[in-house]
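**Student:**
Put into structure tokens, the structure is as follows:
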């Protein structure tokens, strides 16, 4: 018997693998993200090519490290505009970790640095007497029904590495929270935009299912927007 | 909720896992991808690969290993051992390692910690510390380098505080007194370090039973527990470890 490996998840309804563009703006290791989306059924490309990004069925904004260097690198490469265009196009879009945080208006970590402003709240230091970063697996508490968490049984364990998280706001766009010295926003979504504070590409089978859910949305998207 | 992590540690030489791992149903006990996938399937929270490759000219095999593991295994993994420069770290992180751990080179040139942290973020910069009890330093524990062979005269508590200040995201703390003894973690050392820093601490060195893992978290206040032989030689599974920890009231991600 060979050891268990993650099964590749076949694209839905037999269509070709949807093109998922992972924005490569020189921040962090994107290798795992690319491989994760491939395992989840996508033709995943690391790219800064504006034509390819426009042609993609889904667009992913990754990010690690700190808010300000990520925003600076996005600005330098022009991928900030590309990301916003992708958001506005209605195609499935996913921010991961700091790639989620930069979708917000700003961050406690970098006062005076504007985020992309897709969500109008601020990213705050995780409060309380807890260790920062939160560097551990934690349970996603569903806050609303969303396709991001389809086909997952509770408790849903995901891997987090972060010191800040978006404000709750009125909770309208919150998909999931986790408990870390109190509720911490773990995932948000609005219309075509999904965002995860945790790392789906590092969350084993659970994470690959979340990526596959996004790939399914990307597969369905062209028909949906004509 | 603070959730303790269970981390198997694998020794790697020239891109192959050495000191064999006894999973009954694997084809190649030296294949890091196969072993990593197996530990992932068993519920390991992270993996640490300790590169014992003596010469840096074989470093490319370790980079290739990182890439191969990252292609197939979707849990976080750290590579440590022999990382001397920012370029060494960059190669491994670009290849797909989530974190690198630095030890001797960081003691020799502490700026290495801030360089890695600044370029790639604190989350991927682990400072590994080999400590041994000593009358010579105020805390009673002295930092050793070169795999525990060289004493530095540096106080362990001073070095962990410095490492955190320099931008370390995590401390991998090994007790040289306990390493290989199977007598359990050095809990006094572990709890002292855990209390001294605001970043996570991984306890290492001395695990011989599942209760030692429990002790490391409850008494040692460690955020994660690392072990090698109890998992590799089939004495215990990750699931058994987590069941025991959960029974002791420690939140863990079930295997």
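Residue numbers (the numbering used here), protein chains in the order written: chain B, 59 to 284; chain E, 477 to 731.
Glycine included, every Cβ here is placed at the ideal spot set by N, Cα and C.
All figures in this text were calculated on a predicted structure; none of them were measured in a lab.
1. At a CB-CB cut-off below 7 Å, which residues of chain B make contact with residue 479 of chain E?
2. How many Å lie between residue 273 of chain B and residue 247 of chain B at the Cα?
3. In whole angstroms, what separates the C-alpha of residue 667 of chain E from that of residue 647 of chain E?
4. As a quick exercise: from B/85, B/168, B/180, pick the residue whose alpha carbon is nearest that of residue 134 of chain B.
5. Hey, how far is the Cα of residue 179 of chain B from the Cα of residue 200 of chain B?
6. Does the beta-carbon distance from residue 215 of chain B to residue 197 of chain B come in below 8 Å?
7. Is it right to say residue 74 of chain B is buried, meaning 16 or more other beta carbons lie within 10 angstroms of its own, or is it exposed?
8. Taking Cβ-Cβ distances below 9 Å as the criterion, which residues of the region 198-226 of chain B are in contact with chain E?
9. By the 10 Å Cβ neighbour count, where 16 or more other Cβ atoms means buried, how is residue 269 of chain B classified, buried or exposed?
10. In three-state DSSP terms, what is residue 202 of chain B?
11. Say whether chain E places a C-beta atom closer than 8 Å to the C-beta of residue 237 of chain B.
12. Quick one: using the 10 Å Cβ neighbour count with 16 as the cut-off for buried, is residue 710 of chain E buried or exposed?
13. Let me check one thing: in DSSP terms, what residues is residue 192 of chain B bridge-paired to?
14. What would DSSP say about residue 451 of chain E, mapped onto helix, strand or coil?
15. Give a yes or no on contact between the region 673-686 of chain E and the region 696-715 of chain E, applying the rule of three or more CB pairs nearer than 8 Å.
16. Pull out every residue of the region 562-573 of chain E whose Cβ sits closer than 9 Å to any Cβ of chain B, in chain order.
17. Which residue from B/118, B/219, B/241, B/113 puts its Cα closest to that of residue 229 of chain B?
18. Strictly below 8 Å CB to CB, what residues from chain B border residue 699 of chain E?
19. Which residue from B/243, B/101, B/147 puts its Cα closest to that of residue 254 of chain B?
20. What is the C-beta distance between residue 681 of chain E and residue 650 of chain E, in whole angstroms, given that I count them as a contact (C-beta under 8 Å)?
21. Starting from residue 525 of chain E, trace the beta strand (DSSP E) in both directions and tell me its first and last residue.
22. Quick one: measure Cβ to Cβ for residue 222 of chain B and residue 166 of chain B, integer angstroms, because I've assumed they're closer than 8 Å.
23. CB-CB under 6 Å to residue 696 of chain E, same chain, minus the five flanking residues each way: which ones, in chain order?
24. For the region 518-530 of chain E and the region 483-494 of chain E, state whether three or more C-beta atom pairs, one from each stretch, are separated by less than 8 Å.
25. For residue 617 of chain E, which beta-bridge partners are listed by DSSP?
26. Per DSSP, what kind of secondary structure is residue 74 of chain B in: helix, strand or coil?
**Tutor:** The relevant details are as follows:
1. 194, 195, 196
2. 15 Å
3. 13 Å
4. B/85
5. 20 Å
6. yes
7. exposed
8. 213, 215, 217, 219, 220, 221
9. buried
10. coil
11. yes
12. exposed
13. B/220
14. Past the boundaries of the shown model lies residue 451 of chain E; chain E is included only from 477 to 731, so the question cannot be answered.
15. yes
16. 569, 570, 571, 572, 573
17. B/241
18. 189, 193, 194
19. B/243
20. 4 Å
21. 523-527
22. 6 Å
23. 661, 663, 666, 667, 679
24. yes
25. E/609
26. coil
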